[in-house]
Structure formats: structure tokens, C-alpha cells
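As C-alpha cells, the structure follows; a few thoughts come after it.
There are 2 protein chains.
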Amino acid sequence: MTDTLKLASRTGRMHASEIRELLKLLSRPDIISFAGGIPDPELFPTEAFRSAFDAIMTGPEQTSALQYAPSEGYGPLREWLVEYMARIGVSCELENIVMMSGSQQGLDYLGKLFLNPNDTALVTWPAYMGALLAFNPYEPNYDRITLMGNRPASDFSARAEAAGGEVKFAYLSSDFLNPTGETLTLAQRNRMLDLAEQLDIAVIEDGAYQELRFDGDAIAPIQALDIERCGNINQARTIYCGTFSKTLSPGLRVGWVCGRRDIINRLVIMKQAADLHSATINQMATYQVARAGFDAQVAKANAVYRHRRDCMLAALDKHMPAGVTWTRPEGGMFVWVTLPDGLDAAELLARSLETEKVAFVPGRPFFADGSGENSLRLSFSCMKDDQIEEGMMRLGRLFRTAKSALK
Amino acid sequence: MTDTLKLASRTGRMHASEIRELLKLLSRPDIISFAGGIPDPELFPTEAFRSAFDAIMTGPEQTSALQYAPSEGYGPLREWLVEYMARIGVSCELENIVMMSGSQQGLDYLGKLFLNPNDTALVTWPAYMGALLAFNPYEPNYDRITLMGNRPASDFSARAEAAGGEVKFAYLSSDFLNPTGETLTLAQRNRMLDLAEQLDIAVIEDGAYQELRFDGDAIAPIQALDIERCGNINQARTIYCGTFSKTLSPGLRVGWVCGRRDIINRLVIMKQAADLHSATINQMATYQVARAGFDAQVAKANAVYRHRRDCMLAALDKHMPAGVTWTRPEGGMFVWVTLPDGLDAAELLARSLETEKVAFVPGRPFFADGSGENSLRLSFSCMKDDQIEEGMMRLGRLFRTAKSALK
Chain A
395 MTDTLKLASR TGRMHASEIR ELLKLLSRPD IISFAGGIPD PELFPTEAFR SAFDAIMTGP
455 EQTSALQYAP SEGYGPLREW LVEYMARIGV SCELENIVMM SGSQQGLDYL GKLFLNPNDT
515 ALVTWPAYMG ALLAFNPYEP NYDRITLMGN RPASDFSARA EAAGGEVKFA YLSSDFLNPT
575 GETLTLAQRN RMLDLAEQLD IAVIEDGAYQ ELRFDGDAIA PIQALDIERC GNINQARTIY
635 CGTFSKTLSP GLRVGWVCGR RDIINRLVIM KQAADLHSAT INQMATYQVA RAGFDAQVAK
695 ANAVYRHRRD CMLAALDKHM PAGVTWTRPE GGMFVWVTLP DGLDAAELLA RSLETEKVAF
755 VPGRPFFADG SGENSLRLSF SCMKDDQIEE GMMRLGRLFR TAKSALK
Chain B
395 MTDTLKLASR TGRMHASEIR ELLKLLSRPD IISFAGGIPD PELFPTEAFR SAFDAIMTGP
455 EQTSALQYAP SEGYGPLREW LVEYMARIGV SCELENIVMM SGSQQGLDYL GKLFLNPNDT
515 ALVTWPAYMG ALLAFNPYEP NYDRITLMGN RPASDFSARA EAAGGEVKFA YLSSDFLNPT
575 GETLTLAQRN RMLDLAEQLD IAVIEDGAYQ ELRFDGDAIA PIQALDIERC GNINQARTIY
635 CGTFSKTLSP GLRVGWVCGR RDIINRLVIM KQAADLHSAT INQMATYQVA RAGFDAQVAK
695 ANAVYRHRRD CMLAALDKHM PAGVTWTRPE GGMFVWVTLP DGLDAAELLA RSLETEKVAF
755 VPGRPFFADG SGENSLRLSF SCMKDDQIEE GMMRLGRLFR TAKSALK
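Protein chains in written order, with our numbering: chain A, 395 to 801; chain B, 395 to 801.
Spelled out as C-alpha cells, the structure:
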């Protein structure tokens with residue numbers, strides 16, 4: 395017997411996601427929860443998936459669905475994605491797409507591909523918490539992406555060098571960032587590319603919420619702007635992570651990475667060594683459902699989410715006390731709330747669960763430097779109108795009380 | 395544009411699997427291939443899976459099959475595995491099982507959990523090539539497990555220290571090792587534990603071929619012997635990696651790791667950060683099929699594989715020239731052939747593909763030190779009697795010619 399086994403140093407950086415730990419507590423039916431950032435299961439194309447699985451398991455691919463398959467993924471789905479990427483402005487070929495078990499796996503693999511311990515990853519403040527959790531085991535430092543043009547590139551590289559490594563990439567979401575719901579302007583996307591060029595680093599563009607646009611015009615992905623600048627995806631520095639989790643189904647774990655050939659080849663080799671390939675039948679079923687009605691499914695989900703976002707913004711307007719501010723996202727699943735300085739959202743969550751029976755996610759874990767204690771994330775994706783109204787009323791009450799106690 | 399992006403040092407250790415690259419060439423119908431180590435797709439319980447997917451997608455779990463799920467995996471399948479592990483001698487509870495996307499992912503995660511660069515992993519000579527590929531990105535050194543008791547533990551630790559790290563674990567397959575087909579005796583399993591205790595390291599036991607026993611009595615897994623010694627799985631140093639890939643279906647990517655609670659908790663946290671969870675519907679379908687007829691499916695496969703093993707051993711006896719030796723496995727998918735010194739199996743493969751149209755896997759990539767050039771792996775799992783007879787005849791001819799040219 396042994397009391398402890400000797401682990402790698404990197405395990406010191408591995409912690410449970412506060413959100414997922416929190417979600418375990420939220421199955422209590424008396425809680426109104428704006429915490430989980432998950433799609434509304436009532437919107438899943440369940441019948442289309444049922445029929446896809448049935449067609450696969452009774453058709454000519456029934457055996458290949460169950461057998462080992464190439465690490466790069468299911469060909470027809472990758473071909474569909476070549477067309478999809480073209481539609482959002484990214485011209486690429488089959489060799490530029492590798493399938494992943496969700497875009498989360500893409501983030502893990504890209505961390506593994508780029509990061510030595512003490513290297514620097516540039517991220518936004520706040521950033522998607524899951525990306526920080528995926529990168530952490532590779533022991534990077536983080537520095538803050540600022541897209542105001544007010545910090546010279548040399549400052550980033552000097553700081554990275556002082557920390558014992560190099561800047562390896564910038565990671566960000568262009569559209570409807572989890573947690574803020576905010577979108578980068580075209581000018582900000584171009585400034586991101588300018589900075590990446592000056593530092594000669596990769597840009598990892600997280601497109602998880604890309605399709606969930608309720609209003610306003612789509613803006614070209616950074617990868618598309620990059621290809622415009624350099625002429626060809628195989629010379630571009632931007633690597634795009636996509637997923638079907640927000641549009642079709644998260645449980646099937648089907649995502650992809652689109653990028654230059656040399657990087658995709660390395661990801662394929664990495665995947666071969668790490669899990670051989672993502673499950674085939676899930677890719678086949680996703681292909682069937684996407685081909686038959688991706689756009690209709692997205693339109694249906696966006697209509698519902700748009701309505702809920704509107705409800706939430708209206709309820710916030712009505713119930714929040716002065717001094718509380720929030721984002722007005724054009725898409726996605728989240729509104730980001732900033733409380734007056736001095737209030738701590740984690741403390742307020744504990745109080746909220748007890749007295750108001752309302753859940754949200756405190757903002758701090760989204761900040762690589764542990765700041766953001768007075769911010770919080772609200773998800774509107776799974777909530778009905780009356781729950782949103784009631785929940786914002788209760789939160790407004792809680793925040794008003796807390797604010798008064800500050801003085 | 396940029397010519398190259400700056401990657402992590404570990405990428406220097408990432409190479410494509412020679413087997414999988416080879417397999418791409420082997421779709422040519424004129425080749426008799428003993429190269430791929432894959433289950434015969436004719437044995438898949440296809441109808442049982444069809445019916446399982448249909449039941450899931452029309453039943454009460456249709457929505458949870460498509461939604462995000464806990465990182466530890468699907469509860470009923472984990473419960474089934476608790477009973478399964480008990481049947482093979484390992485007494486454990488639900489908290490001791492985490493589902494993985496194949497046991498390959500378990501190997502990747504365990505490498506990530508244990509290995510600092512320059513640490514030492516003990517492996518057999520030869521070892522499962524996929525394990526070496528999974529561990530390599532964590533930049534270990536390898537030392538050879540010898541179970542003859544003729545090398546003191548201090549020798550392993552001194553060598554590891556000289557290489558700049560510690561011995562972290564021993565990795566091995568107890569039953570029907572890929573590539574040799576060989577099984578560890580009870581005495582060897584106990585010597586492995588003795589050595590691990592002396593070094594105070596983990597043992598990673600790869601049970602991928604566990605169920606494919608054709609004759610002889612099952613021997614207790616190392617993990618079972620470990621629990622016998624220390625009284626409780628939560629104190630045991632052995633971590634067991636299992637998979638449904640060899641028994642039910644590899645394409646669904648359903649495997650598991652069974653081990654002490656503190657290690658399983660860490661793997662769950664790691665999985666949360668790396669891919670959230672393995673696809674739910676595949677775990678649900680595997681549960682349905684396993685529950686309804688795991689033993690019958692294993693018996694059916696073993697009857698076929700036993701016959702093919704017998705055919706291969708008979709054909710080797712008949713066709714191989716003197717000086718060529720091979721293993722006589724009691725199960726699994728492989729026979730391991732050793733050629734006379736001076737012959738290079740990789741060279742012979744090139745010749746074989748050209749003149750004899752027969753494929754196999756050269757032995758060298760299975761050796762952590764790059765030795766084993768005169769060895770090769772033959773898989774009998776997918777070959778019919780006449781192909782085995784014809785193939786061994788041709789290989790015998792090739793090896794006889796090569797041997798003569800040696801003089």
C-alpha cells in the first residue's frame with residue numbers, strides 16, 4: 395500500500411471547474427438557476443438524431459460506425475465543414491480540418507502543442523474559464539490581451555521573457571464571449587492580427603458561439619481576415635476551434651479545429667497518440683443532421699434565445715439598482731453583470747442560494763489574474779420568461795440590500 | 395503570414411504511429427495483411443447496437459443522451475463495470491471508475507498525471523506501441539521492466555536520477571500483450587508488485603486484451619493481487635485501464651480507468667478540463683449491449699479468434715524455416731515472430747509488400763530503445779484460414795531466401 399503516488403508538477407495547476415462543481419448543487423428544484431451555460435434541451439433536434447442513428451445502424455455504414463477509424467475524423471463531415479467554413483468566410487480544404495471531441499478537446503490539444511512551462515498565453519480579461527482550465531496543465535503564464543493599441547508588442551514579449559518563456563499564442567472568442575456575451579468589432583479583430591503579427595504568434599479563435607447571433611450583421615472571423623492578409627490558410631497564423639455543441643448537441647462531443655496544414659497534421663498525430671480518434675457514429679449522425687437542416691435548427695434556437703435575452707435585459711432594466719451595469723449581447727447565452735466596487739459575487743452567491751434561491755456564476759474564475767470579484771455571469775439559455783422576471787427581481791433585491799450595507 | 399509557428403518542446407517527441415501510417419497503404423485488395431490489430435468487424439454485435447441506439451433515442455434518456463453530462467461518465471455503465479471488475483477479482487466502488495474515450499485516452503491522461511520531463515517510465519521490451527506514443531509527449535525516459543528479480547530496485551532509481559528525474563510508474567499488459575501475445579505468470583505479477591513497492595511507484599496495468607482468453611485459466615490482474623496485499627483499492631498502487639474496443643466495438647471509443655479514489659478524482663478533474671466528458675450515447679449503448687450479452691459476445695469472438703490462432707500456429711510450424719521462432723499465445727490477437735540475428739523486419743516488409751504481397755508490422759517501434767529489428771508482429775484477428783495458410787507460406791519463402799542471403 396501507499397499513501398500517495400508521486401505525480402507530475404503540472405497537477406498543481408489542475409483544479410475542478412467551479413461551474414461544474416456548482417452545477418452539481420443546482421439540481422434542487424427550488425432554485426432558479428442562471429448558472430449553467432448549456433443549450434436548452436427542448437431545442438435539440440432529437441427526432442433528426444433518432445432517425446440519423448437509425449439510418450446509420452441499418453445502412454451500409456453500420457459496420458464502419460463501430461470500427462476503428464482515421465484520427466482526422468469522418469470524411470463527409472469534414473467536407474461539410476469545408477463548405478461551412480467557406481460560408482463564414484474561411485476558404486480551406488479537407489486537409490485543414492481535424493475533428494475533435496468537442497472544441498474543448500481542441501483547446502487542450504492546442505495547449506499541448508504550443509505551451510512549454512512558463513510560456514505566456516495571451517487571453518482576454520475575462521476569458522472562457524474552460525480554456526484557462528485546458529491550458530493550465532501545460533503551466534503557462536497569462537498576460538492580458540488589450541486591443542486598444544495602447545501597449546506595444548515589445549512590452550508583451552519582454553514580460554514573457556522575464557517570466558521564463560515566450561509568448562506562444564493569443565486565445566480569444568470573437569463572437570458572444572462566454573462569459574460576457576460581447577463581440578469583437580472588425581477593428582478589434584484587425585488589431586488582434588496586428589499584434590499577433592508583431593509578436594509572430596498564433597491566434598486561437600474560439601468560435602463556439604459563432605452561430606448564435608440574434609441581431610446585427612455577422613463580422614468575419616479573425617481567421618478569415620488573416621487569410622485575406624496572407625493569401626492562403628496554409629500561411630495563416632489563426633487557428634479556429636468550432637463545435638456543434640451549441641447548435642445541435644453537446645453530448646455527442648463533436649467539434650473541430652480548422653487551420654494551416656502543418657498544424658492540423660500535428661494535431662492529427664497528437665490525436666492518434668492521445669485517443670486514436672473521436673467516436674465515429676457521433677460524427678456520422680452529426681453529419682446527417684447538419685446536412686439535412688443545420689440552418690433551420692440554428693434559426694429555431696436563435697428565435698428562442700433572442701426572446702430570452704430580451705426578457706432578461708428588460709427584467710434587468712426593471713429590477714437592478716443604480717450602480718449595477720450589464721452587457722447587451724447580440725447573441726450567445728450570457729449577460730455579464732458588474733456590481734459596484736466592494737461587492738463580492740462569490741459571497742453574494744452563497745447568500746443568494748440561501749435567501750433568494752437564485753443561482754449565477756461569480757466572475758472571478760474567468761479572470762486569469764483572479765480579479766473580477768464584483769462581476770457575475772447570467773445565462774438566459776434555459777430559462778422561461780417568468781423565471782427570468784422572478785429571478786431578476788430577487789437578484790435586484792439582493793444586490794440592493796448588499797449595496798446599502800456597503801455604506 | 396508566417397512560415398512556422400513556435401511550438402512546445404514536447405512536439406519533438408510526437409511522431410505518427412508507424413502502424414497507422416502503414417494501414418493506410420493496406421487497403422490494396424491484393425495484399426494479405428497481418429498488420430492491423432483490429433477486431434473482425436463481422437463479429438461486432440451490430441444488431442444489438444442498432445437496437446440499443448434505437449431504444450435510447452426513443453426512450454426516456456433521449457434528451458440526456460444529447461446533453462452535457464458529468465465528466466466521470468454514465469452511471470449505469472460505471473455500475474456495470476464495478477460488477478465486472480469484481481468478476482475479474484478487483485473489488486471496487488463507483489468512485490473508483492472513470493469512463494474514458496477508449497483505454498488509449500486513459501494512457502494519455504495517466505502520462506499527463508504522472509510524468510515530468512525526464513522522469514522515468516518502466517515498460518516492457520517490447521511494449522504496446524500506442525502506450526509509448528501516448529507517454530512520449532510528456533517527455534519521459536524509459537527503462538526496462540525485468541521480472542526475473544535480477545536487478546535491484548536501487549538500480550532503477552539510480553538510473554532515473556541520473557537521467558534527471560524519478561521513476562514514476564511501471565506500465566505493462568498482464569494478458570496477451572500487444573505485440574507478443576504473451577501473458578505474465580502469477581509469479582511475474584507478484585514480482586512486478588514487489589518491485590513497485592520497493593520503488594514506491596504506481597503500476598499501470600493495461601487490460602485491453604483481458605477478455606480474449608482462448609485456453610488456460612485466467613490469472614488475477616495485478617490490481618487484484620495489489621488489493622489482496624494492501625486490503626483496499628483506495629490504498630492500492632495499481633491503476634487498471636480497460637476498454638470495450640476488443641469485445642464490443644472500438645469505434646464507439648468507450649474505455650475506463652479503475653483505481654484508487656484520489657487518482658480517479660484527479661482524472662475526472664483532468665477530463666473536465668480536457669474534453670468535458672466522453673460522448674454519452676456511446677456509453678449508454680455500450681451499457682445496453684454489455685448488460686444484455688457481454689459474455690455471449692466474448693465467447694463468440696473467442697471461438698473465432700481461437701480457431702484463427704490455431705491456423706496461424708499450424709501454418710507457422712509448416713512453413714517457417716529453421717532459426718525463426720514465435721510465441722504461442724493463449725489469447726489476444728497476435729503472434730510475435732523472431733527472425734535470425736542480422737535480418738531486419740522493416741527491410742523485409744518492404745520486400746514482402748513488393749514480391750509476396752503480405753503485410754505485417756516490424757517489431758522495432760514496440761521497443762522503447764529502438765531495438766528489436768529482427769522481430770515482427772502478426773495479427774490473426776481478421777484473417778480467414780486460407781489467407782493465413784497462404785500468407786505464412788509466402789512469408790516462410792521470403793524469410794528462407796533472406797536467411798540464405800545472410801551467409
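Think of the CB as a built atom: it goes at the ideal place given N, C-alpha and C, for glycine as much as any other residue. Predicted model, so just to flag it, every value in this text is computed and none were measured.
Cross-chain neighbours of residue 728 of chain A in chain B, by beta carbon under 8 Å: Under the 8 Å cutoff, chain B gives no residues; its nearest Cβ is about 16 Å from residue 728 of chain A.
Test: residue 676 of chain B CB closer than 8 Å to a CB of chain A: Yes, because at least one Cβ of chain A sits closer than 8 Å to the Cβ of residue 676 of chain B.
Beta strand (DSSP E) runs wholly inside the stretch 468 to 501 of chain A, at least 3 long, in chain order: Correct list: 491 to 494.
Burial state of residue 576 of chain A (16 or more Cβ within 10 Å): Its Cβ being crowded by 16 or more others within 10 Å, residue 576 of chain A is buried.
CA nearest to the CA of residue 650 of chain A, picked from A:637, A:593, A:644: Comparing Cα positions, the closest option is A:637.
Residue 513 of chain A burial status per 10 Å Cβ neighbour count (16 or more: buried): The C-beta of residue 513 of chain A has 16 or more other C-beta atoms within 10 Å across all chains shown, which makes the residue buried.
Continuous beta strand (DSSP E) stretch holding residue 356 of chain B: start and end: No answer is possible for residue 356 of chain B: it lies beyond the span of chain B, which begins at 395 and ends at 801.
Bridge partner(s) assigned by DSSP for residue 634 of chain B: Partner(s): B:599, B:652.
Cβ-Cβ separation, residue 492 of chain B to residue 466 of chain B (assumed contact under 8 Å), whole Å: The pair is a contact, with the Cβ atoms about 5 Å apart (cut-off 8 Å).
Residues near residue 613 of chain B in its chain [Cβ-Cβ closer than 8 Å; skip 5 each side]: Cβ contact annotation for residue 613 of chain B (same chain, cutoff 8 Å, sequence separation greater than five): 568, 569, 577, 578, 579, 580, 583, in chain order.
Bridge partners - residue 519 of chain B, DSSP secondary structure assignment: Residue 519 of chain B pairs with nothing; no bridge assigned.
CB contact check: residue 558 of chain B to chain A, cutoff 8 Å: Contact of residue 558 of chain B with chain A is not assigned, every C-beta pair being separated by 8 Å or more.
Continuous alpha helix (DSSP H) stretch holding residue 443 of chain A: start and end: Per DSSP, residue 443 of chain A belongs to the alpha helix (DSSP H) from 440 to 452.
Of the listed residues B:647, B:678, B:439, B:718, nearest to residue 498 of chain B (C-alpha basis): For the residues B:647, B:678, B:439, B:718, the minimum Cα distance to residue 498 of chain B belongs to B:647.
From B:699, B:471, B:460, residue whose alpha carbon lies closest to that of residue 640 of chain A: Nearest option by C-alpha distance: B:460.
Member of B:610, B:566, B:756, B:528 whose CA lies at the smallest distance from the CA of residue 724 of chain B: Out of B:610, B:566, B:756, B:528, B:610 has the C-alpha closest to the C-alpha of residue 724 of chain B.
Top-ranked residue by Cα proximity to residue 770 of chain A, from A:780, A:409, A:737: Among A:780, A:409, A:737, the Cα nearest to that of residue 770 of chain A belongs to A:737.
Endpoints, alpha helix (DSSP H) assigned at residue 772 of chain A: Judged by DSSP secondary structure, residue 772 of chain A falls outside any alpha helix (DSSP H) and instead within the beta strand (DSSP E) spanning 769 to 773.
Interface residues of the stretch 445 to 464 of chain B facing chain A [CB-CB below 7 Å]: Answer in chain order: 447, 448, 451, 452, 456, 457, 459, 460, 461, 462, 463.
Residue 550 of chain B - DSSP class collapsed to helix/strand/coil: The answer is helix: DSSP assigns residue 550 of chain B an H, G or I state.
Interfacial residues, the stretch 592 to 615 of chain B to chain E, with Cβ spacing under 8 Å: Of the protein chains in this structure, namely A and B, none is chain E.
Chain A contact for residue 408 of chain B (CB, 8 Å cutoff): Cβ-Cβ to chain A under 8 Å: yes for residue 408 of chain B.
Sequence-distant residues of the same chain with beta carbon closer than 6 Å to residue 502 of chain B, five excluded per side: If we look at residue 502 of chain B and ignore the five residues flanking it on each side, its Cβ neighbours are 528.
In DSSP terms, what residue 607 of chain B is bridged to: Among the bridge pairs identified by DSSP, residue 607 of chain B is matched with B:725.
Three-way DSSP call (helix, strand, coil) for residue 718 of chain A in this model: In the structure shown, residue 718 of chain A sits in coil (DSSP, three-state: anything other than H, G, I, E or B).
Top-ranked residue by Cα proximity to residue 762 of chain A, from A:449, A:400, A:523: Looking only at A:449, A:400, A:523, the smallest Cα-Cα distance to residue 762 of chain A is reached by A:523.
Own chain partners of residue 655 of chain A with C-beta closer than 7 Å, once the 5 adjacent residues on each side are dropped: If the five residues before and after residue 655 of chain A are omitted, its C-beta is found closer than 7 Å to the C-beta atoms of 489, 490, 628, all from its own chain and listed in chain order.
Burial state of residue 711 of chain A, where buried means 16 or more other Cβ atoms lie within 10 Å: Flag for residue 711 of chain A reads exposed.
Residue burial classification, residue 622 of chain A (beta-carbon count within 10 angstroms, cutoff 16): With fewer than 16 Cβ atoms within 10 Å of its Cβ, residue 622 of chain A is classed as exposed.
Residue burial classification, residue 669 of chain A (beta-carbon count within 10 angstroms, cutoff 16): Classification for residue 669 of chain A: buried.
Beta carbon of residue 428 of chain B nearer than 8 Å to that of residue 754 of chain B: Going by beta carbons, residue 428 of chain B and residue 754 of chain B fall inside the 8 Å limit.
Cross-chain neighbours of residue 664 of chain A in chain B, by beta carbon under 8 Å: Within chain B, the residues whose beta carbon sits less than 8 Å from that of residue 664 of chain A are 408, 531, listed in sequence order.
Assigned secondary structure, residue 712 of chain A (DSSP; H/G/I helix, E/B strand, else coil): The answer is helix: DSSP assigns residue 712 of chain A an H, G or I state.
Beta-carbon proximity of residue 786 of chain B to residue 706 of chain B, cut-off 8 Å: Yes, these two residues count as a Cβ contact at 8 Å.
Given residue 507 of chain B as reference, the closest of B:534, B:521, B:519 once Cα atoms are compared: It is B:534 whose Cα lies nearest to the Cα of residue 507 of chain B.
Distance CB(residue 773 of chain A)-CB(residue 496 of chain A) smaller than 8 Å: No, the Cβ-Cβ distance between residue 773 of chain A and residue 496 of chain A is not below 8 Å.
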